[in-house]
Amino acid sequence: MTAYQTLLLDRADGVARLTLNRPDKLNSFTTEMHAELADALAVVAGDTAVRCLLLTGAGRGFCAGQDLGDRAVAPGAEAPNIGESLETRYNPMMRALKALQVPVVCAVNGVAAGAGANMALACDIVLAARSARFVQPFCRLGLVPDAGGTWTLPRLVGPARATALMMLGDAVTAEQAAQWGMIWRVVDDAALRDEAGALARHLATQPTRGLALIKTALAATWSNDLDAQLDLERDLQTVAGATDDYREGVRAFLDKRPPTFTGR
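Numbering (UniProt numbering), first residue to last: 1 to 264.
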């Protein structure tokens with residue numbers, strides 16, 4: 001396990017388990033946590049043995065967003081440049097997360113608010129405990145949703161729901177999030193850790209390169225027209241068809257046996 005002050009990073013069986021670890025503060029973001037997240041995501045990206053990332057939070061919440069105590073402003077003092085915080089910390093974090101060439105599973109336990117919610121929703125497959133809540137509280141502070149929220153949420157739930165959630169700051173239950181397509185599935189609180197771990201271990205045995213190419217295709221579909229997407233599918237399929245895992249998949253199908261993928 002890699003030693004951090006605000007995170008836990010454990011790698012085993014092809015899965016990197018990254019746990020936000022400030023439970024007394026609902027795992028809210030600080031400057032220190034951002035620095036450690038940048039390092040941890042770089043470690044995951046550079047480890048060829050990692051074939052899936054599982055992201056979760058310690059304690060009773062996933063992540064409450066920014067720790068406002070880390071941004072406290074004394075009376076009469078100059079206001080902090082929050083845009084600079086996004087440019088140097090939040091935006092690089094989200095780009096690094098989305099750039100990972102492995103599946104990213106998020107297990108949301110308890111509250112996911114603000115940038116914590118948007119970080120969770122940016123993951124590839126999201127499981128939520130039945131007690132989980134997703135909140136966009138920026139409107140209560142006079143701020144704009146960040147960490148990619150204004151890009152991600154409308155694509156998940158549509159513009160009408162995204163607008164209301166961001167302008168009203170209402171909490172969305174795990175069940176409602178699943179019904180609206182914000183997340184993949186709701187599980188009982190006691191089962192979240194085991195089910196998320198089993199899902200991550202399964203993905204770590206799958207054709208990793210092919211899954212990464214699926215991520216590339218899905219990311220492009222929002223800006224491509226049909227012709228461009230068809231061309232992209234052709235190009236990505238050319239890459240996928242040259243992998244060892246494709247050859248193994250075909251051999252296993254013909255041999256009527258389970259495939260053994262290596263991620264190459």
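Where is the CB? At the ideal position from N, CA and C, for every residue including glycine.
Every value quoted in this text rests on a predicted model; they were computed, and no experiment measured them.
Of the listed residues the options, nearest to residue i (C-alpha basis)
i       : options                            : result
Gly-116 : Cys-52, Arg-51, Pro-154, Met-33    : Met-33
Gly-59  : Ala-132, Trp-222, Gly-114, Pro-92  : Ala-132
Gly-148 : Ala-120, Gly-69, Thr-173           : Ala-120
Ala-79  : Lys-98, Leu-68, Leu-53             : Leu-68
Thr-216 : Glu-195, His-202, Ala-240          : Ala-240
Ile-214 : Trp-222, Ser-223, Leu-236, Ala-198 : Leu-236
Leu-97  : Gly-142, Val-44, Ile-82, Leu-141   : Val-44
Met-93  : Thr-150, Ala-35, Val-135, Arg-234  : Ala-35
Ala-171 : Pro-137, Glu-195, Arg-201, His-202 : Pro-137
Trp-222 : Arg-193, Trp-151, Asp-255          : Trp-151
Val-135 : Asp-227, Gly-142, Val-111, Ala-42  : Val-111
Arg-89  : Ala-16, Thr-30, Met-167, Phe-62    : Thr-30
Gly-57  : Pro-258, Ala-242, Pro-159, Val-105 : Val-105
Asp-146 : Met-166, Ala-252, Pro-159          : Met-166
Asn-109 : His-202, Glu-248, Gly-61           : Gly-61
Phe-261 : Asn-91, Tyr-4, Arg-209, Gln-101    : Arg-209
Ala-101 : Asn-91, Ala-16, Glu-87, Cys-63     : Here residue 101 is Gln; the residue named in the question, Ala, does not match the sequence. Checked all of Asn-91, Ala-16, Glu-87, Cys-63; the closest Cα to Gln-101 is Ala-16.
Arg-201 : Pro-103, Ala-42, Leu-20            : Pro-103
Ala-42  : Arg-95, Asn-224, Asn-21            : Arg-95
C-alpha gap between residue i and residue j, whole angstroms
i           : j       : result
Asp-124     : Thr-6   : 23 Å
Ala-190     : Gly-169 : 28 Å
Ala-38      : Ala-212 : 20 Å
Arg-51      : Ala-204 : 5 Å
Tyr-246     : Gln-229 : 22 Å
Thr-173     : Ala-122 : 18 Å
Asp-244     : Pro-207 : 9 Å
Ala-220     : Leu-232 : 8 Å
Val-250     : Leu-8   : 38 Å
Pro-23      : Arg-130 : 19 Å
Ser-85      : Lys-25  : 20 Å
Ala-12      : Gly-142 : 43 Å
Leu-127     : Asp-188 : 10 Å
Leu-226     : Asn-118 : 28 Å
Ala-198     : Leu-54  : 10 Å
Arg-234     : Glu-87  : 35 Å
Leu-18      : Pro-258 : 29 Å
Thr-2       : Glu-175 : 34 Å
residue 272 : Ala-242 : For the chain, the structure presents residues 1 to 264; residue 272 sits outside this window and is missing.
Thr-40      : Cys-63  : According to the sequence shown, residue 40 is Ala rather than Thr. Going by the C-alpha atoms only, they are around 17 Å apart.
Pro-159     : Ala-252 : 44 Å
Asp-255     : Glu-248 : 10 Å
Asp-70      : Asn-224 : 40 Å
Asn-91      : Trp-180 : 26 Å
Ser-28      : Arg-140 : 17 Å
Residue i (DSSP reduced to helix, strand or coil)
i       : result
Leu-165 : helix
Leu-141 : helix
Pro-250 : It is worth fixing the name first, because residue 250 is Val in this sequence and not Pro. Looking at Val-250 - three-state DSSP - the assignment turns out to be helix.
Asp-255 : helix
Asp-146 : coil
Ala-129 : strand
Thr-6   : coil
Arg-11  : strand
Phe-134 : strand
Short CB-CB distance (under 9 Å) between residue i and chain D
i       : result
Val-135 : The displayed structure is made up of one protein chain only, and chain D is not part of it.
For residue j and residue i, believed in contact at Cβ under 8 Å, the rounded distance
i           : j       : result
Val-157     : Met-182 : 6 Å
Gly-65      : Gly-114 : 3 Å
Pro-154     : Ala-164 : That belief does not hold up - the Cβ atoms of Pro-154 and Ala-164 are roughly 11 Å apart, past 8 Å.
Gly-14      : Ala-49  : 7 Å
Ala-178     : Val-186 : 5 Å
residue 274 : Arg-193 : Since the first residue of the chain shown is 1 and the last is 264, residue 274 is not available in this structure.
Hey, which unbroken runs of the beta strand (DSSP E) at 3 residues or more fall wholly within the region 15-91? 15-20, 52-57
(Q) So within the region 150-218, which uninterrupted beta strand (DSSP E) runs reach at least 3 residues, ignoring any that extend past its ends? (A) 185-187
Problem set entry | Minimum length 4: unbroken alpha helix (DSSP H) runs contained in the region 218-248 | 226-240
At 3 residues or longer, what runs of the beta strand (DSSP E) sit wholly inside the region 89-122?
104-108, 111-113
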